[in-house]
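Visitor:
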Amino acid sequence: MTGTTPFAFEFAPAIAALPFVSFLIALAFGDRMPKGGALGGILATAGSLLLSLWVFVTVSGGSAYVHDIHTWTILDAGGALGDVNLHFGLLLDPLSAMMLIIVSLIALLVHVFSLGYMNDEGETGLPRYYAGLGLFTFSMLSFVMADNLLQAFMFFELVGLCSFLLIGFWFREDAPPSAAKKAFLVTRFGDYFFLIGVVGIIATFGTSRFAVVGDAAAAAFPVEAAKVLGVTEGTATAVIPGGMDPQLWFTILGLLVLGGVVGKSAQFPLHTWLPDAMEGPTPVSALIHAATMVAAGVYLVARMYGFYLLSPTALGIIALVGGFTALFAATMGVVKKEIKQVLAYSTISQYGYMMLALGAGGYVAATFHLMTHAFFKALLFLGAGSVIIAMHHNENMWDMGGLKEKMPVTYYTFLSGSLALAGIVPFSGFWSKDEVLYEAFVHGLGTAGTQGTLLLVAYAFGLLAVFFTGFYTFRMVFLTFHGEPRSDTAKDPHGVRWNVKGPLAVLGILAAVVGLVNMVPVKKLTGANIDFLHKWLKGPEALKAQTSVAHYTDGDTSLLHEGAHYVAGTLAGGEVGTVLISAAVSLGLALAGAGLAYRLYNVPEPVEHTDKLGAAKDVLYNNYYQDEFQVFLAERVTMPLAKAADTFDQSVIDGAVNGVSSVSLFSGRRVKRVQTGLVTNYALLLTLGFLVLLVAMAATGGWF
Amino acid sequence: MSSHASLFALGPALYLAATGLLVLVLDSVGRTTRLPFALGSAVFGVAAVGAAAVAAFTGGTLLGLGVGAHAFAAMNAFLVAFLVYLVDPSGSNRLLVASVAVAGAVFSLGNAAYYLAYFGTTSDAQAALLFGDQLVVDQMSLLFMAIAASVTALVALASYDYLEGHAYQAEYYALVLLAATGMSLMAAANSLATVFVAMELASLPSFALVAFLKKNRGSVEAGLKYFLIGALSSSFFAYGISLVYATTGSLQLEAVASALSGGTEFVGMLGIGMLMLVGGFAYKTASVPFHFWAPEAYEGAPAPISAFISSASKAAGFVIAFRVFTVAFTPAGLFASLGIDWVLVFQILAVVTMTLGNFAAATQENVKRMLAYSSIGHAGYVLIGLASLGGVASQGDTVLGASMMHLFVYGFMNTGAFLFIALVEYWGVGRTFEDYAGLGRKAPVACAAMTVFLFSLAGLPVGAGFLSKYVLFFGAVSAGFWWLAAVGAINSALSLYYYTRVVKAMWVEEPNGELELQGRPTGLYAAVVAAAVVTVLLLPGFFPIAETAIEAANAVLPNAGDTTTAFFG
């Protein structure tokens, strides 16, 4: 860090504070304000967006910032670790600056869209709704800026709470509260491991900072861990329990934190809450359950990527879980009838790609896909919201059809998002998904042994999922917008206003062009230096050995090679050939999927083809019986265990407690009886008591 | 050590004694005696001022008293003259007498607090020794004088309403103040002789006070039993003193210690003597097996007197135990090697006392009697302070100081609890748990205060009782006696049960019949609320008390620093 702190960083806390103020205002005065507090939220998120852009510009200028804002407590951990500082802090680097813009931009657009989706539809409880959005935006932005794991955990929990509150917004109906509870419990299951991981990391390293800038006295745990393993030079202290191999212990810690990631980013097997979360209002689905909160898990892995790169095992698991989830969720998406359900499974699938990228060493690829996905998936959800308004809140695609002519803005923007989702060149999703698959492919080819094989398996999952993605995406587009209207509402849809069309237009353009910031295949082919995102994530010099891309992926000394032992390989034709083959295969599969959907559903009177799937149909309709399996686990495994614990508590613990109390009451009554009321008895007992004491002392002391 | 300390150092005790006498004077003022009393006092005051002037100019003392003592006498004489002049012989002096008693106690408390502040702020302050080292005024004395004075103030305040319609009120206040004087002197006693005299000065008025309700059978019976057991225990104590004197040839505590520093050949005699001394303390602190008087005396006595005896008298009993055993019979290890392991004796007493007190309290139906047994249980907790002295030497001041802190806090929370009983007795509500049902709705302020007292007694963090108990158990653990702390903690858990019964009755249960409360006695309310406020405020303001107590403990324990200068010259 240079001498003076740039102004933008001094103002950075306001990025999170503004939505918090809007939350308080909506909560306190929402009833008395026009639009139920929406305007405050719009102003606040617009302010956050402007400040985020300022931070972005400042970071682009080569600055980074780590700063402790408030220390709650300094624990004396004793021993080698000394004092442990628990605090709130800021970490502003390229990754967090990028994420700040994504979150505040989408939050702003969703606030505007909500005017159309909630206010114009005459919903009640709007102050509660906007308070929830404000609190969520505050928590998410604070999570993004967190400079340490404990703070990240706290805001991770807060966004979970907001998700719970907003999924259950229509709490008088049956399904939303139940979905809210499910989302809360399933993610909490993962967060439990996360919490243990946080404590473990603090106990091991004495700090949970992600990175330090300039301050030599401070330590960051990924850096310390690399020193302990000898991957980078330097000395570091770490308390490893029971003389365990440090590598193994770090893997355990990484996997514990990963528990929270799997829950929040809806990865297999904790993905089941996300489809149910669609019970919430659609703008909430767009903001929380597609673009931002679900990204928190992936973001966290990227945030502490230096730690994961030290553990090949953890990386392998991340890649495999990601690849499998991508395919698994995509297959479920192909049979869904409700438009939001298709999008929900698609979201799970796309986060699988990001995890695959992270597991395969593609830090930039994952971040890139995180960004493009945030835009095109928010777009698709808002487009779906627009359709749902038009359809009078009927979400069944089989009742739609022919909406293309009735709502052109929605159609063309939705199409832009769909092309991006399916991965059709040159829309944004193509570039990012292609880079994800490319990273998995080359590292799978180049890395020796099980590690490489594992990556190739994950890559195969991901590749196959491309086909399904193309298929379900265009099935959705054709069923919704093409053909003849299949219901009266579809013949005469409800119109939407500027506040719906505006956000759609912004996101539609972004979904089309944002991929151009990182056209790696073009660079490889032409040699033009147009991988801007890659360059940008390299960040300032101060972060070179902390969180920069250079530290993670570039060159022979990077953690990717030294820590994770990944090596890039190529097919025939060298790098250029590999790039071309990889891109061609994924594009071909996407087009094949889209083409099949065109054949089956782009007809005036489409019919269901699910019967052709045979037995697989039921399996897919029932989501591979995952919910049933979880219910089975709860009823057959957890319940008996809980009952046994209850029995133990009732009989042994309470028995002991009751026993103690009855013994004391009984002996209490005995004692009471000694107090006869006769003073002569007292004198006798007193003297006898004294004599007993005297004899005892004389005997032990040998007085005579 | 200072050799020329003045009587002035005993200010807190003198205030109490002077107020006691003043109360008697005021009560005997009649239409004809009014002027002579006032004139006599004024003349005496002028004489005392003159004596002070002479002493000041000659730089010496007059009648063996310093300037301060003469000035003190003058001030009191003028006060008497002024107050006597205020007396209206035709009317009732009730209010005046009670006010004077409260004011005297508050003056005493202020005096003690002032001296304590001096000790707290002067790094080399020195204890005052009086009458050939027979009395000592140090931090421990002052802390316990403060306890006695604060309890006396609360009790005197509450008694104004409680005594409504009773005869001999001035005698009542005079007895309370004289007993409190005895307790203050117990805190300062530095020789077995003064210990005995002070103890009797505290005890004799107490007997009369317990039996104060002459027409109440329970009160009279309780007074008689208290007197008989007291006489028996005093004889134990006196005999113990004689045996210690026979062994060492001294009564003064430091002299006893130096006589025993090389050991003694009369181990058996000394051992029996010391055990008998323990018996005397056990009586005064209501510890097993000398506790039999306590439940009956506390139950039968007027409730303010129960508060007085169970808080102030108990604290005074402890201060002499602390002083005698830490000054005369020290170090503990020497006596253990002689075969007189007094730490072990206190360990046994602590465990038995707290267990018996709490177990018996758990089965009581009568709230006042429950509090009486709980008071025995608390004596057991405080005994941990002496029982943990044989362990890690450097932790001795923490645990002994913790005992003092507990007694200080106890002086408010237990007094408050008994004064609440006094309030209930004033209203004529019954004495059992059932009778308390629904009281919370009728008298929410008083019941909130009672809830604070009870939870604080149990050790919940609504009052300072939590902190004092915490430091006590913490000190026991760090001194190496974790099992004493464990027994204490188990007993505390049990105590929560019976304390909560009262809280539940007051707030949760429905009253059996019509509950009508007659009147809002101002004095009683003021005392109860004041005690509750202090109990709560000591929670955040615990540090000064803790610091004072630990310094006081440090001063009496062996190998404490001795770089001090005189204050009471």
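As you go down the protein sequences, you meet chains F and A in turn.
Here the first sequence is numbered in the working numbering, starting from 1 and rising by one per residue.
Here the second sequence is numbered in the working numbering, starting from 1001 and rising by one per residue.
All C-beta atoms in this analysis are idealised placements derived from N, C-alpha and C, irrespective of residue type, glycine included.
The structure displayed is predicted, hence computed values, not measured ones.
#1: Within 10 angstroms of the Cβ of A699/F, are there 16 or more other Cβ atoms? Answer buried if so, exposed if not.
#2: Once you ignore the five residues that flank L1496/A on each side, which residues in its own chain have a CB closer than 7 angstroms to its CB?
#3: Taking 7 angstroms as the line, does the beta carbon of L309/F fall inside it for any heavy atom of the ligand COA?
#4: Evaluate contact between the region 1288-1302 of chain A and the region 1373-1383 of chain A, counting only Cβ atoms and requiring at least three cross-stretch pairs below 8 angstroms.
#5: Report yes if the CB atom of N518/F is closer than 8 angstroms to the CB atom of W431/F, and no otherwise.
#6: Does any C-beta atom of chain A lie closer than 8 angstroms to the C-beta of A683/F?
#7: Beta-carbon of A390/F versus every beta-carbon of chain A: anything under 8 angstroms?
#8: Excluding the five sequence neighbours on either side, which residues of its own chain have a C-beta within less than 7 angstroms of the C-beta of T331/F, listed in chain order?
#9: Give me the Cα-Cα distance between A568/F and N148/F, rounded to the nearest whole angstrom.
#10: How many angstroms separate the CA atom of P19/F from the CA atom of L39/F?
#11: Mapping DSSP to helix, strand and coil, what is G1561/A?
#12: For V317/F and V110/F, I'd like the C-alpha separation in whole angstroms.
#13: Does N1111/A pass the burial test, meaning 16 or more other C-beta atoms within 10 Å, or should it be called exposed?
#14: Anything in chain F within Cβ reach of T1264/A, meaning under 8 angstroms, just list it in chain order.
#15: Where A512/F and M244/F are concerned, what is the direct C-alpha to C-alpha distance, given to the nearest angstrom?
#16: If the cut-off is 8 angstroms on Cβ atoms, which residues from the region 1360-1385 of chain A count as contacting chain F, listed in chain order?
#17: Who are the near neighbours of L150/F in its chain, counting only those whose CB is closer than 8 angstroms to its CB and skipping five residues on each side?
#18: Considering V1392/A, what are the terminal residues of the beta strand (DSSP E) in which it resides?
#19: At which residue ranges does the region 1424-1457 of chain A contain complete alpha helix (DSSP H) runs of 4 or more residues, listed in the order of the chain?
#20: On the criterion of 16 or more Cβ atoms from any shown chain inside 10 Å, does D654/F qualify as buried, or is it exposed?
#21: Taking 8 angstroms as the threshold (C-beta atoms), are L1177/A and A1101/A in contact?
#22: Are the beta-carbon atoms of G1182/A and A1198/A separated by less than 8 angstroms?
#23: In the DSSP assignment, what residue or residues form a beta bridge with Y65/F?
#24: Are there three or more Cβ pairs, one per stretch, closer than 8 angstroms when the region 1398-1409 of chain A is compared with the region 1343-1363 of chain A?
#25: Output needed in chain order: residues of the region 1183-1214 of chain A with a Cβ under 9 angstroms from some Cβ in chain F.
#26: Taking the alpha carbon of F169/F as the reference point, which residue from F194/F, T124/F, L380/F, G352/F has its own alpha carbon closest?
#27: With DSSP run on the structure shown, which of helix, strand or coil describes H565/F?
#28: Does the separation of the CB atoms of A295/F and L356/F fall below 8 angstroms?
#29: Within a Cβ cutoff of 7 angstroms, which residues of the same chain sit near F1196/A, ignoring the five residues on either side of it in sequence?
#30: Whole beta strand (DSSP E) runs in the region 1456-1514 of chain A with 3 or more residues, listed along the chain?
#31: Output yes if chain A places a C-beta closer than 8 angstroms to the C-beta of G702/F; else output no.
#32: Chain F beta carbons: is any one of them nearer than 8 angstroms to that of I1340/A?
#33: For the region 507-541 of chain F, list the alpha helix (DSSP H) runs that are entirely contained and at least 4 residues long, ordered along the chain.
#34: Using beta-carbon positions only, say whether Y1426/A and Y1162/A come within less than 8 angstroms of one another.
#35: Where does E575/F fall in DSSP's three states?
#36: List in chain order: all unbroken alpha helix (DSSP H) runs of 4+ residues lying wholly within the region 16-64 of chain F.
Guide: A quick look at the data gives this:
#1: Taking the first residue of the first sequence as position 1, residue 699/F is located at position 699. A699/F should be labelled exposed.
#2: The residue labelled residue 1496/A in the question sits at position 496 within the second sequence. Cβ within range, chain order: A1458.
#3: Among the components modelled here there is no ligand, and therefore nothing to report on the ligand COA.
#4: Yes: at least three Cβ pairs fall under 8 angstroms.
#5: Along the first sequence, read from residue 1 onward, the residue named residue 518/F stands at position 518. Along the first sequence, read from residue 1 onward, the residue named residue 431/F stands at position 431. W431/F is positioned such that its CB atom lies closer than 8 angstroms to that of N518/F.
#6: Here residue 683/F refers to the residue found at position 683 when the first sequence is read from its first residue. It does: the Cβ of A683/F has a partner Cβ on chain A nearer than 8 angstroms.
#7: As a working mapping, residue 390/F is identified with position 390 in the first sequence. When Cβ-Cβ separations below 8 angstroms define contact, A390/F makes no contact with chain A.
#8: Numbered from its first residue, the first sequence carries residue 331/F at position 331. Correct list, in chain order: F468, L620.
#9: Residue 568/F sits at position 568 when you count from the first residue of the first sequence. Residue 148/F sits at position 148 when you count from the first residue of the first sequence. The alpha-carbon atoms of A568/F and N148/F are separated by roughly 32 angstroms.
#10: Within the first sequence, numbered from 1, the residue matching residue 19/F stands at position 19. Within the first sequence, numbered from 1, the residue matching residue 39/F stands at position 39. For the pair P19/F and L39/F, the Cα-to-Cα distance works out to about 12 angstroms.
#11: Position 561 of the second sequence, counting from 1, holds the residue named residue 1561/A. Residue placement at G1561/A is flagged as unreliable, the pLDDT there being 37, under the threshold of 50; the coordinate-derived value follows with that caveat. Here G1561/A carries a coil assignment [DSSP, helix/strand/coil].
#12: Position 317 of the first sequence, counted from the first residue, corresponds to residue 317/F. Position 110 of the first sequence, counted from the first residue, corresponds to residue 110/F. The sequence shown places Ile at residue 317/F, rather than the Val named in the question. CA-CA distance, I317/F to V110/F, rounds to 34 angstroms.
#13: For the purposes of this step, residue 1111/A is taken as residue 111 along the second sequence, with counting starting at 1. The residue in question, N1111/A, is buried, as its Cβ has 16 or more Cβ neighbours within 10 Å.
#14: Your numbering for residue 1264/A matches position 264 in the second sequence. The premise fails here: T1264/A is roughly 11 angstroms from chain F at the closest Cβ pair, so nothing lies under 8 angstroms.
#15: For the purposes of this step, residue 512/F is taken as residue 512 along the first sequence, with counting starting at 1. For the purposes of this step, residue 244/F is taken as residue 244 along the first sequence, with counting starting at 1. One alpha carbon belongs to A512/F, the other to M244/F, and they sit about 50 angstroms apart.
#16: Residues of the region 1360-1385 of chain A with a C-beta atom less than 8 angstroms from some C-beta of chain F are A1360, A1361, A1362, T1363, Q1364, listed in chain order.
#17: On the first sequence, position 150 is the one that residue 150/F refers to. Hits under 8 angstroms: L86, V198, I202, S208.
#18: Along the second sequence, read from residue 1 onward, the residue named residue 1392/A stands at position 392. Looking at the DSSP string, V1392/A is not in any beta strand (DSSP E), and its letter there is neither H nor E.
#19: Whole alpha helix (DSSP H) segments, 4+ residues: 1439-1442.
#20: Position 654 of the first sequence holds residue 654/F. Burial state of D654/F is exposed, judged by a 10 Å Cβ sphere holding fewer than 16 other Cβ atoms.
#21: For the purposes of this step, residue 1101/A is taken as the residue at position 101 of the second sequence. For the purposes of this step, residue 1177/A is taken as the residue at position 177 of the second sequence. Yes.
#22: The residue labelled residue 1182/A in the question sits at position 182 within the second sequence. The residue labelled residue 1198/A in the question sits at position 198 within the second sequence. Result yes, Cβ atoms of G1182/A and A1198/A sit closer than 8 angstroms.
#23: Walking along the first sequence from the start, residue 65/F turns up at place 65. Paired residues: L92/F.
#24: No, the region 1398-1409 of chain A is not in contact with the region 1343-1363 of chain A.
#25: Correct list: empty, as no residue qualifies.
#26: Stepping through the first sequence from its first residue, residue 169/F is reached at position 169. Nearest to F169/F by C-alpha distance, out of F194/F, T124/F, L380/F, G352/F, is T124/F.
#27: By one-based count along the first sequence, residue 565/F stands at place 565. Here H565/F sits in coil by DSSP.
#28: Position 295 of the first sequence, counting from 1, holds the residue named residue 295/F. Position 356 of the first sequence, counting from 1, holds the residue named residue 356/F. In terms of Cβ geometry, A295/F and L356/F do not form a close pair [threshold 8 angstroms].
#29: For this step, residue 1196/A is matched to residue 196 along the second sequence. Excluding positions up to five away in sequence, the list reads F1237, A1238, I1241.
#30: If only uninterrupted beta strand (DSSP E) runs of at least 3 residues are considered, none is enclosed by the region 1456-1514 of chain A.
#31: Taking the first sequence and counting its residues from 1, one reaches residue 702/F at position 702. Taking Cβ atoms only, chain A reaches closer than 8 angstroms to G702/F, which makes this a yes.
#32: Within the second sequence, residue 1340/A is the residue found at index 340, counting from 1. Closer than 8 angstroms to some Cβ of chain F, the Cβ of I1340/A qualifies, so yes.
#33: Complete alpha helix (DSSP H) runs here, min 4: 520-526, 532-538.
#34: In the second sequence, the residue the question calls residue 1426/A occupies position 426. In the second sequence, the residue the question calls residue 1162/A occupies position 162. Inclusion of Y1426/A and Y1162/A in the CB contact set at 8 angstroms is warranted, their separation being smaller than that value.
#35: Counted from its first residue, the first sequence places residue 575/F at position 575. DSSP places E575/F in helix when its eight states are reduced to three.
#36: With a minimum length of 4 residues, the continuous alpha helix (DSSP H) runs that stay inside the region 16-64 of chain F are 38-60.
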